[in-house]
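Residues 2 to 434, numbered by the working numbering, are exactly what the sequence shown covers, in order.
What follows is a single structure, written as structure tokens, with notes after it.
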Amino acid sequence: MQFYSPLLSLLLWLVLMLPSSPLQAAEDIEPALTSAELQTIDWLNGQEQNMLDLLERLTNINSGSLNKAGVDELAAIFRQELRQLGFSITTLPGDVIAMPSCPGSDYDIDVADHTLAARRGTGTRLLLMGHLDTVFPTTSPFQSFRREGDMVYGPGVADMQGGLVVMLYALKALAESGDLDGKAITILLNSDEEIGSLSSRKYLEEQARRHDYGLVYESSGNDSLVRQRKGLGQARFVIHGRASHAGGAHQEGRSAIKELAYKIVEIENMTDYESGVTVNVGVISGGEARNTIAPCAEAFVDLRYPEPQQGLDAVDQFEDIFANLYSYPVDSGEITTESWTNLHRPPKIPTEESDYLLEKTRAIGRLLGQELGVRDSGGGTDGSLTQALGLPTLDSLGIAGSGAHSDREQARVSSLVERAKLSVVLIRRLTAE
Ligand SMILES: [Zn+2]
């Protein structure tokens with residue numbers, strides 16, 4: 002039978018060339034929202050004020066990583082909320098992280114306890130992660146919450162008190178509809194993410210091995226999900242020289258500051274934008290008086306690297322620089338360097354499974370009318386640790402916001418409910434797999 006006609010082929014061509022709407026594209030991967038999902042979403046529509054009130058309360062409590070009392074106060078709020086949702090709570094002890102430092106400048110870090118909350122269940126096991134700490138110490142002038150229209154401003158509103166609120170309300174919505182029952186969901190809230198999860202890393206890695214997917218509630222930025230991240234490292238070094246009178250016995254002194262200056266230049270010169278490796282000597286201090294040759298000086302260094310091997314190479318370079326003496330032609334015993342290095346975040350390298358999780362989330366977003374972009378980031382999260390151990394992890398499910406780690410930190414109010422809806426549907430569908 003001859004069926005071909007020019008008209009038919011024109012029609013066919015037109016159909017093929019029609020741009021597919023985002024909704025159609027989403028339904029290619031994800032089925033339409035069910036009536037049960039729509040009910041849960043509807044419940045969330047009425048929660049914006051409650052979410053905002055909680056965000057204000059959390060933001061107004063200083064929870065800088067070193068402010069143990071503030072971090073504990075936040076933990077208590079979440080423990081109570083999660084207990085009410087039927088989670089059993091376990092305290093994971095924090096530790097004291099010892100760091101080299103000059104006499105009188107104590108850099109040891111006393112990390113607050115972490116919180117593990119779990120519900121037993123069968124099927125796909127989800128690990129939800131969030132950090133209670135912020136980068137803002139109690140001495141920071143940026144301390145309080147403020148709202149202007151659809152934006153809120155304050156320390157941690159985006160990074161990541163807003164994300165914690167999103168996570169909690171997604172769980173509340175699931176509880177409301179009875180959908181938490183029988184689900185294997187674990188929540189790990191750590192208190193040291195902003196200093197590199199130096200204490201909580203072991204707990205994160207232990208949980209990563211016991212779950213099927215990881216969800217982290219870092220900010221969704223300008224409405225986009227992060228696919229790939231650089232690895233992070235840090236180094237601290239302390240130079241011990243010899244004090245002397247800057248006028249009477251200058252030649253007898255060994256200036257730790259002078260040696261520090263040479264080492265800083267060597268370290269800064271490791272930055273190579275082409276390979277993506279960057280270093281930043283972010284904090285220095287040293288010396289005792291203008292007219293004393295400095296007996297001690299110290300520095301804190303940040304490292305970013307795209308590939309695991311680059312991190313290892315950078316640590317080797319650090320070690321060489323620490324071992325070398327640049328400032329005086331003297332015995333190495335006269336000027337000594339103590340150092341500490343740590344590659345605290347591996348690079349987050351996408352896998353087929355993590356891309357599946359990312360695309361599934363974007364497709365659910367389209368069903369909800371949320372167009373979520375994809376970006377790469379130079380910032381690390383705990384999701385990099387879990388993904389490196391094989392747990393497919395999506396790490397940007399929190400509130401939309403910007404200006405993290407600065408006094409311009411802000412977040413979009415309406416994204417609280419939007420991202421909670423996104424998580425609810427995602428969690429429902431992942432746990433049904
Ligand atoms: Zn964060």
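Each residue gets a CB set at the ideal place from its N, CA and C atoms; glycine is no exception.
Only a predicted model underlies this, so the values are computations on that prediction, with no experimental measurement involved.
Residues in the same chain with beta-carbon distance under 8 angstroms from residue i, minus the five sequence neighbours each way, listed in chain order, please.
i: Ser22; result: In this predicted model, Ser22 has a pLDDT of only 45, less than 50, meaning its place in the structure is not dependable enough to derive any value.
i: Asp377; result: Val227, Arg228, Gln229, Arg230
i: Leu24; result: Note that Leu24 has pLDDT 44, beneath the 50 cutoff, so the model's placement of it is unreliable and no number is given.
i: Gly312; result: Gly232, Gly234, Leu304, Tyr306, Leu344, Pro347, Pro348
i: Leu181; result: Leu86, Gly87, Arg120, Leu172, Leu175
i: Pro142; result: Asp408
i: Leu59; result: Leu75, Ile78, Gly157, Gln162, Leu165, Val166
i: Gln310; result: none
i: Ser178; result: Ala37, Gln40, Thr41, Trp44
i: Gly287; result: Cys103, Ile240, Ala257, Ile258, Leu261, Ala295, Cys297, Ala298, Glu299
i: Pro20; result: Since pLDDT at Pro20 reaches only 45, below the 50 mark, its modelled position is unreliable, and no value is offered.
Based on Cα-Cα distance, which residue from the options lies nearest to residue i?
i: Gly402; options: Pro156, Asp109, Leu59, Thr123; result: Pro156
i: Ala290; options: Arg409, Gly95, Gly370, Ala244; result: Ala244
i: Ser221; options: Asn343, Arg80, Glu207, Ala159; result: Ala159
i: Met100; options: Pro142, Phe79, Arg237; result: Arg237
i: Ser415; options: Leu86, Val167, Ser328, Tyr327; result: Val167
i: Gly215; options: Pro351, Pro393, Ala119, Gln48; result: Pro393
i: Ala293; options: Ile336, Glu275, Gly242; result: The question names Ala, yet the displayed sequence has Thr at residue 293. Per the Cα distances, Gly242.
i: Ser355; options: Asp314, Met52, Ser397; result: Ser397
i: Val425; options: Ile336, Asp314, Tyr170, Pro330; result: Tyr170
i: Ile62; options: Pro330, Phe146, Ile98, Arg210; result: Phe146
i: Gly71; options: Ile400, Gly277, Ala185, Gln144; result: Gln144
i: Gln252; options: Val375, Arg413, Leu34, Pro330; result: Pro330
i: Gln81; options: Leu199, Ala118, Met52, Asp107; result: Ala118
i: Gly150; options: Arg202, Leu53, Gln371, Tyr274; result: Leu53
i: Leu55; options: Tyr274, Gly334, Val153, Ser89; result: Val153
i: Tyr274; options: Gly379, Glu49, Gln371; result: Gly379
Quick one: what's got a C-beta closer than 6 angstroms to residue i's C-beta in the same chain, skipping five residues either side?
i: Asn68; result: Thr139
i: Gly183; result: Gly122
i: Thr125; result: Asp213, Leu431, Thr432, Glu434
i: Leu45; result: Ala174, Val418, Ala421, Lys422
i: Leu128; result: Thr187, Gln208, His212, Gly215
i: Gly404; result: Glu410, Gln411
i: Thr338; result: Phe238, Ile240, Phe323
i: Met18; result: Summary for Met18: the model assigns pLDDT 47, below 50, so the residue's position carries little reliability, and this model does not support an answer.
i: Leu34; result: Leu368
i: Ala113; result: Lys69, Val72, Asp73, Gly95, Ser192
i: Val136; result: Glu195, His406
i: Trp341; result: Met100, Pro101, Arg237
Within a Cβ cutoff of 7 angstroms, which residues of the same chain sit near residue i, ignoring the five residues on either side of it in sequence?
i: Glu353; result: none
i: Ile196; result: Ser66, Ile110
i: Val282; result: Ile265, Ile268, Glu269, Ala300, Val302
i: Thr279; result: Thr272, Arg305
i: Leu194; result: According to the sequence provided, residue 194 is Glu. The question's Leu does not apply to it. Closer than 7 angstroms at Cβ, skipping near neighbours: His132, Asp134, Asp383.
i: Glu308; result: Pro348
i: Pro104; result: Cys297
i: Ser225; result: Leu373, Gly374, Val375, Arg376
i: Ile428; result: Leu127, Ala171, Leu175
i: Tyr5; result: In this predicted model, Tyr5 has a pLDDT of only 47, less than 50, meaning its place in the structure is not dependable enough to derive any value.
Identify every residue that forms a DSSP beta bridge with residue i.
i: Phe1; result: Since the first and last residues shown for the chain are 2 and 434, residue 1 lies out of range.
i: Arg230; result: Lys349, Ser378
i: Lys184; result: Thr123
i: Ile294; result: Ser245
i: Asn343; result: Gln235
i: Arg255; result: Arg243
i: Ala118; result: Ile90, Ile188
i: Ser416; result: Partner(s): none; Ser416 has no beta bridge.
i: Ser448; result: This structure leaves residue 448 out entirely; the chain is present only between 2 and 434.
i: His132; result: Asn191
i: Ser424; result: The partner list for Ser424 (beta bridge, DSSP) is empty, contrary to what the question assumes.
i: Gln310; result: Looking at the DSSP assignment, Gln310 forms no beta bridge with any residue, so it has no partner.
i: Gln411; result: Tyr154, Ser403
i: Thr279; result: Arg305
i: Ser225; result: Gly374
Touch test, the stretch 263 to 276 against the stretch 309 to 322, Cβ-Cβ under 8 angstroms, three pairs minimum: The answer is yes - the stretch 309 to 322 touches the stretch 263 to 276, with three or more Cβ pairs under 8 angstroms.
Cβ contact (3+ pairs, closer than 8 angstroms) linking the stretch 380 to 398 and the stretch 342 to 351: They touch, by the three-pair rule.
Beta carbon shell of ligand 2 at less than 6 angstroms from a heavy atom: No copy of ligand 2 appears in this structure; the ligands present are ligand 1.
Contact between the stretch 291 to 298 and the stretch 353 to 365 (3+ Cβ pairs under 8 angstroms): Here the stretch 291 to 298 does not lie against the stretch 353 to 365, with fewer than 3 beta-carbon pairs under 8 angstroms apart.
Completely contained alpha helix (DSSP H) runs for the stretch 47 to 103, where each covers 4 or more residues: 49 to 60, 69 to 85, all fully within the stretch 47 to 103.
Stretch pair the stretch 186 to 200 + the stretch 87 to 104: three plus CB contacts closer than 8 angstroms: Under the Cβ criterion (8 angstroms, minimum of three pairs), the stretch 186 to 200 counts as touching the stretch 87 to 104.
Touching by the beta-carbon criterion (3+ pairs, under 8 angstroms), the stretch 244 to 258 and the stretch 194 to 211: Contact between the stretch 244 to 258 and the stretch 194 to 211 is absent: fewer than 3 CB-CB pairs across the two stretches fall below 8 angstroms.
Runs of beta strand (DSSP E) lying entirely within the stretch 144 to 213, each at least 3 residues, in chain order: Taken in chain order, the complete beta strand (DSSP E) segments of 3 residues or longer contained in the stretch 144 to 213 are 147 to 149, 152 to 154, 184 to 191.
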